[in-house]
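Residue numbers (our numbering): 81 to 620.
We put the beta carbon where it would ideally sit given N, CA and C, even for glycine.
Bear in mind the structure is a predicted one, so any value in this text is a computation, not a measurement.
Worksheet for the structure shown next.
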Amino acid sequence: MKKSRVFTLTVYIVFLFSGSLFAAEEKTLVLGGASGWDRVGELSGVSEAAGVRPHTVLALSSAKGTESLTLDMAISFDEGSEGAFRDSTGRYTVSSSQALAPAGRLRARIGEGAALFSGRTGNGQAGFPDDEPLVVAPRDKDALLASGKTLRDFSMEFWLYPFHAENGEQILSWTAARTSAQGQGVFQRIQCSVSDNRLRWTFQDFFTSPGDGNRISLSLSSSQALVPQTWSHHLIRFDSDTGMLEYLVNGRGESIAYASPSGREGGEVYLPIAGNEGRLVLGSRFSGLMDEFRVYGNFAEALLTKYPPGGGYFISEPVNLGVTNSSILKIDIAAGRFSVDGNTAGGIVRNVFAGFNPPGFSDHSALHCFVRAADTPYLWTGGSPGSPSSSWIPFEPGSALDLRGRWVQVALRLYPSGDGETTPYVDEIRIQYLADDAPPPPAWVRLQARDGAVDISWRPSSASDTAGYLVYYGSNSGEYFGNDAILGVSPIDVGRRTSVRVDGLENGRLYFFAVAAYDEAMHIGEFSRETAARPLRMVP
81 MKKSRVFTLT VYIVFLFSGS LFAAEEKTLV LGGASGWDRV GELSGVSEAA GVRPHTVLAL
141 SSAKGTESLT LDMAISFDEG SEGAFRDSTG RYTVSSSQAL APAGRLRARI GEGAALFSGR
201 TGNGQAGFPD DEPLVVAPRD KDALLASGKT LRDFSMEFWL YPFHAENGEQ ILSWTAARTS
261 AQGQGVFQRI QCSVSDNRLR WTFQDFFTSP GDGNRISLSL SSSQALVPQT WSHHLIRFDS
321 DTGMLEYLVN GRGESIAYAS PSGREGGEVY LPIAGNEGRL VLGSRFSGLM DEFRVYGNFA
381 EALLTKYPPG GGYFISEPVN LGVTNSSILK IDIAAGRFSV DGNTAGGIVR NVFAGFNPPG
441 FSDHSALHCF VRAADTPYLW TGGSPGSPSS SWIPFEPGSA LDLRGRWVQV ALRLYPSGDG
501 ETTPYVDEIR IQYLADDAPP PPAWVRLQAR DGAVDISWRP SSASDTAGYL VYYGSNSGEY
561 FGNDAILGVS PIDVGRRTSV RVDGLENGRL YFFAVAAYDE AMHIGEFSRE TAARPLRMVP
């Protein structure tokens, strides 16, 4: 009788390759500069400005908003193309002739443009008499100047830059028809024109007694002369409680009249009533620039600064750093400040580029910086930057930060100079971070076939933050995921061990194996090079 002998075939497969040490590298993400500002998510009072730096910058917008609840008409002249001027409230139609042209941002007092009046006539253009460069007409029954509308408080303002300030230049003219209490037709007119180097206002049949329908005409004139080739702000406003009609130039009271029978405060107040089919004409025979023509339904205050004292802000979109638990190291900001000569229309830009991380500006313009980070952009709590309930953290540009997350968001508040004529600007934002990359795979893997099993061992990953290993296997090359009676469960989490026996395998069948490392944040790294073994038992 022969003695049977059982042989076990042992198969060793060793894989060794050279590679980098996968050292963590500091990375930089850039907003602005040559990368542009397409990642800006929200702007308020801030806009892109060209011509300041080689690429566009973010700066305060000098354009007036439309947030006032009493704003009735707003013609900003920012549209930048002939014939495109409009009333942003939508209550009035605006039409212009060839005697009017747009002027760009560098010639504007506020915003992106102004209206350039040539002083020429309309050249017989269809629909435009010779002295009507721009015509405004109410088209909404809720407009203050709609036909037959009785007004209470109202204000009218604009910026003016006369080239010559000659007698007879007409800044504005409102004309309408009315019917008197006696049933007679009445010609209503408001006129503002240049006389003796001053602006003179005339209100003819615009104020009417609520009781008996009697009318009154009023006139006002500035005490200071218009200075050619200099911007000046003009505001006329009416208080229906006292009947006071007041004219201000550059915020200073120039003249007062009272819409009352006595011409003084007290007694009955005559109220303004808009005539029928009224038309407002701007700039007849006027040579110069006009900007920000506005009408309000209240006794408005003059805002003379180029930039609003409250400033503005911008917030970037949540930026994906690619890996959770990434470390935000610091944020560098290249910034400066600029102004356009506020007293002229010469377009002189005064620019001071302060480089990266300036400590501050001597004119008190300022940047206040905020940042927040998280592994998901959906769990940030509410609150605006700087509010007590906010998830935003203030930071100094260039200072070390202690923030972690896959997503980061930056917000900046911009404040103008003390006189409101200079804006800070942001040229570039550089977010420096360290991505929490997954550990590299083991560089050396060994397989030993067993009866119905394979022993697999490997050299530890070179990363210091390796928290464990996953062993992947399958019966087809590159197909490692399974959960069935034949293949078992793949991958196998073996923790910090560097070897494991995979059993329950079919003898004679070829299996493919790979190992991946992971860190404490469960960032799973790449597979090691694939290896293979065939478990079997030899029987004589």
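Three-state secondary structure assigned by DSSP to residue i
i	result
leucine 409	strand
leucine 527	strand
glycine 113	helix
arginine 581	strand
arginine 187	helix
threonine 136	coil
isoleucine 395	strand
asparagine 622	Only positions 81 to 620 of the chain appear in the structure, and residue 622 is not among them; the question remains open.
aspartate 118	coil
asparagine 437	coil
threonine 621	In this structure the chain extends from 81 to 620, so residue 621 is not present and cannot be described.
aspartate 371	strand
aspartate 599	strand
threonine 288	strand
threonine 282	strand
asparagine 431	strand
glutamate 159	coil
valine 349	coil
CA-to-CA distance, residue j to residue i, given in whole angstroms
i	j	result
serine 608	glycine 558	11 Å
arginine 187	glutamate 246	21 Å
glycine 347	proline 341	8 Å
isoleucine 572	alanine 597	12 Å
valine 266	tryptophan 281	19 Å
valine 375	proline 134	38 Å
arginine 452	glycine 440	23 Å
serine 364	alanine 415	44 Å
proline 438	phenylalanine 157	35 Å
valine 569	glutamate 610	18 Å
valine 420	arginine 295	46 Å
leucine 616	aspartate 599	35 Å
glycine 116	asparagine 431	20 Å
serine 141	serine 497	13 Å
alanine 179	aspartate 167	19 Å
leucine 300	phenylalanine 418	38 Å
aspartate 412	proline 388	26 Å
leucine 401	isoleucine 395	17 Å
leucine 585	alanine 612	13 Å
leucine 325	serine 124	34 Å
leucine 481	aspartate 233	53 Å
Residue burial classification, residue i (beta-carbon count within 10 angstroms, cutoff 16)
i	result
threonine 456	exposed
histidine 444	exposed
serine 273	buried
tyrosine 393	buried
glycine 170	exposed
glutamine 304	exposed
valine 79	Residue 79 lies beyond the stretch modelled for the chain, which goes from 81 to 620, so this question has no answer here.
valine 490	buried
threonine 230	exposed
phenylalanine 208	With a pLDDT of 48 at phenylalanine 208, under the threshold of 50, the modelled position of that residue is not reliable, and the figure given next carries that caveat. It is buried - the Cβ of phenylalanine 208 has at least 16 other Cβ atoms within 10 Å.
methionine 81	Summary for methionine 81: the model assigns pLDDT 38, below 50, so the residue's position carries little reliability; its value from the coordinates is reported in the next sentence. Looking at its Cβ environment, which holds fewer than 16 other Cβ atoms inside 10 Å, methionine 81 is exposed.
glycine 343	exposed
tyrosine 458	exposed
phenylalanine 561	exposed
threonine 546	buried
C-beta contact flag for residue i and residue j at 8 Å
i	j	result
glutamine 309	phenylalanine 243	yes
valine 488	valine 399	yes
glutamate 508	glycine 113	yes
proline 522	serine 544	no
asparagine 405	arginine 484	yes
valine 549	valine 582	The residue asked about is misnamed: residue 549 is tyrosine in this sequence, not valine. It is not a contact, given that the beta carbons lie outside the stated cut-off.
glycine 331	leucine 369	no
serine 253	arginine 269	yes
leucine 362	proline 213	yes
isoleucine 536	serine 579	yes
serine 176	glycine 184	no
glycine 145	glutamate 192	no
phenylalanine 436	proline 352	no
glutamine 528	leucine 409	no
tryptophan 524	arginine 539	yes
Contact test: residue i Cβ vs the ligand SAM heavy atom, cutoff 7 Å
i	result
histidine 244	Inclusion of the ligand SAM in the displayed structure is not the case, the ligand content being empty and no account of it being possible.
Minimum Cβ-Cβ distance from residue i to chain D less than 8 Å
i	result
serine 177	Absent from the structure is chain D; it holds one protein chain and no more.
Counting beta carbon pairs with one atom in the region 443 to 460 and one in the region 469 to 487, are three or more of them shorter than 8 Å?
yes
With a threshold of 8 Å, are at least 3 pairs of Cβ atoms found where one atom belongs to the region 312 to 323 and the other to the region 372 to 392?
yes
Stretch pair the region 209 to 224 + the region 148 to 163: three plus CB contacts closer than 8 Å
yes
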